[in-house]
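In full-length UniProt numbering, the protein residues as written are 1 to 678.
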């Protein structure tokens with residue numbers, strides 16, 4: 001198609017108001033133009049300097065160095081390069097000016113347009129189009145006939161000769177009615193022409209003599225039938241592929257030659273937490289760069305990736321090029337993640353063994369290093385975020401920190417994070433669970449003992465937790481369960497920063513920071529004489545109160561997703577989500593065991609889940625009971641309302657439905673559901 005830019009003469013010189021007569025003469029002689037566009041230095045149009053202006057300057061005897069400014073015509077005809085072609089044709093027809101100035105999209109001068117150039121270009125374009133049309137008609141499968149105004153044949157192509165079994169020479173110059181008597185019957189609509197087994201399309205056109213000529217197109221039905229069969233085959237193949245993708249066990253996607261995604265399976269979307277409309281027709285490197293599908297366009301070879309991980313789920317990618325005539329025209333990405341754990345029993349056992357070994361190794365190291373940071377404390381609750389910031393500030397100092405909260409709220413995580421963000425982070429973090437160690441062993445655990453201090457003592461004695469924590473942090477969990485006698489000894493160590501080992505008489509000096517935690521009411525214990533008041537004030541320098549999970553309901557859903565990632569990695573499972581019924585049960589439960597209980601419930605559910613998502617049946621019964629009871633109560637209330645409405649309307653269903661504010665069909669469904677007799 002002819003483009004406007006193709007008929008524009010580029011302006012590659014700069015003519016301004018200060019251009020001299022001599023410079024203008026030289027440009028006119030070189031370019032052979034009828035006018036020069038005058039612009040500023042940014043090529044904005046100011047006017048034009050025509051040959052008439054040039055002649056006038058010469059006749060008036062102006063010196064050659066005279067500026068052309070006084071002779072510039074301000075009323076310049078201009079046209080933008082993005083003007084529609086039909087508007088340009090109309091402008092050229094009606095314009096009295098032989099040359100116009102062409103501007104670009106920013107209204108800067110870029111060229112000139114003359115009537116002569118346009119006419120020559122149109123003639124050239126017409127000849128090219130004529131040649132192209134003749135080529136198409138000769139090589140197409142559509143039979144073409146053309147008549148003049150007297151219905152005499154003036155054109156026939158080889159495709160028609162093939163369809164009709166006639167030669168082109170036997171058709172030319174004959175009357176349409178002689179060759180096809182009664183063919184048209186005054187009907188120009190497409191119809192089935194049985195004689196040539198074709199669909200006949202007839203149209204009229206106006207000849208140069210303003211008469212009506214005819215164009216007849218014969219489309220071979222056998223070709224159409226073949227195309228229809230092929231199209232039906234393609235449709236069935238597409239449906240088969242889409243069905244396969246819908247129920248595929250693995251994640252699968254396909255891309256076209258530009259590596260844009262054309263098809264994607266639900267498991268793929270679930271694994272990467274994407275929606276279908278976020279993926280389809282998008283470049284794969286934009287939405288799923290981790291698949292690296294672009295590799296096969298360069299290598300043209302199928303390949304398998306190393307292990308990758310997403311939300312704790314391990315997966316591998318099989319990249320497969322789609323080829324046609326030796327050229328890659330697309331790619332298939334197959335993400336295998338469920339088979340890795342469910343089909344390969346050996347891999348699963350190895351994974352679990354590694355996880356258990358890692359877990360027990362962490363437990364062995366637990367008493368000497370802090371494993372958690374603030375990033376391990378998952379929360380979206382504003383109060384929790386504020387609490388984390390306060391704890392992070394407290395970590396920078398040396399003061400004793402008392403962490404309070406119900407069992408399972410994350411007190412130990414806070415203790416770990418405080419140590420890791422303190423100046424002592426490179427030193428040891430020692431944990432003592434005051435409730436787990438028998439009372440008669442607590443003192444020796446705290447302070448150690450000398451050789452022979454008591455029956456059964458080790459030959460070389462033993463150093464205690466305070467010794468181990470020297471220079472670091474000692475975390476006293478469940479401090480409220482410590483005996484009063486040991487509380488007194490602990491207070492002395494905190495005050496004097498020294499102690500005696502059991503059975504020893506040498507003072508041991510230590511520099512230990514204390515972090516204590518409890519789920520008990522220490523103030524009530526002080527009033528009851530079960531906890532020393534002086535120790536309470538010594539520990540309660542900085543107090544952090546962690547709220548229970550039931551007071552931060554918005555955290556439950558967030559914790560579910562974060563814990564699932566962690567547990568997928570630990571358990572070797574491939575759980576991608578949670579069914580809505582199961583989520584409802586989890587969100588409605590009050591979690592007396594807090595985050596620890598939630599984590600245990602998820603671990604159980606993910607172990608039992610069989611379909612890639614946690615279902616309601618994977619949850620413990622005690623979580624489902626309140627939900628079932630609530631549904632039952634709602635149904636009882638609904639049944640009572642329906643019975644009352646039917647009673648008040650004497651069994652008139654239309655009136656009862658109106659009274660209940662539901663549709664009549666809705667009422668029928670509920671009557672059927674509850675098996676009511678009306």
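For each residue, glycine too, the CB sits at the ideal point set by N, CA and C.
Per DSSP, reduced to three states, the secondary structure at residue 429 is strand. Contact between residue 66 and residue 21 holds, since their C-beta atoms are separated by about 5 Å, short of 8 Å.
The beta carbon of residue 469 sits closer than 7 Å to those of 428, 430 and 512, all from its chain and outside the five residues before and after it, given in chain order.
Sixteen is the threshold: when 16 or more other Cβ atoms of the shown chains lie within 10 Å of the Cβ of residue 487, as they do, the residue is buried. DSSP places residue 151 outside both helix and strand once states are collapsed to three, so it counts as coil. For residue 466, the closest C-alpha among the options 435, 438, 596 and 507 is that of 507. In this structure, 385 is the residue among 385, 275 and 280 with its C-alpha nearest to the C-alpha of residue 546. If you check the CB distance, residue 253 and residue 264 come in under 7 Å. Nearest C-alpha to residue 528 among 561, 519, 484 and 214: 484. In this chain, the alpha helix (DSSP H) harbouring residue 664 covers 664-673.
Restricted to the stretch 428-510, the alpha helix (DSSP H) segments that are unbroken, complete and at least 4 residues in length are 439-447, 465-468 and 484-496, listed in chain order.
When Cβ pairs closer than 8 Å are counted between the two stretches, the stretch 435-454 is seen not to touch the stretch 568-582, the count staying below three.
The C-alpha of residue 70 is placed about 11 Å away from the C-alpha of residue 19. For residue 288, the three-state secondary structure derived from DSSP is coil. Of the candidates 552, 474, 591 and 7, the residue whose Cα lies closest to the Cα of residue 114 is 7. Only buried fits residue 88, as 16 or more other CB atoms lie within 10 angstroms of its CB. Taking 7 Å as the cut-off, the Cβ atoms of residue 305 and residue 316 count as close.
The three-state reading of DSSP puts residue 561 in helix, counting H, G and I together.
It is roughly 21 Å from the alpha-carbon of residue 141 to the alpha-carbon of residue 232. A direct Cα-to-Cα measurement between residue 672 and residue 553 gives close to 38 Å. In this structure residue 377 does not touch residue 393 by the C-beta definition: roughly 15 Å separates them, more than the 8 Å allowed. Shown here, residue 568 sits in a helix according to DSSP, grouped into three states. Comparing alpha carbon positions, the residue from 86, 200 and 475 closest to residue 400 is 475. Straight-line spacing of the CA atoms in residue 297 and residue 611 works out to 34 Å. The Cβ atoms of residue 548 and residue 406 lie closer than 7 Å to each other.
When the alpha-carbon of residue 320 is set against those of 314, 330 and 31, the nearest one is in 330. In the displayed model, residue 38 falls within a strand according to three-state DSSP.
Going by C-alpha positions, residue 572 is about 21 Å away from residue 266. For residue 573, the three-state secondary structure derived from DSSP is coil.
Residue 216 has 145 and 202 as its beta-bridge partners, per DSSP.
With distances taken between CA atoms, residue 536 lies nearest to 495 out of 509, 495 and 569. According to DSSP, residue 303 shares a beta bridge with 319.
The residues 213 and 215, in chain order, have a CB closer than 7 Å to that of residue 205 in the same chain once the five nearest residues on each side in sequence are set aside.
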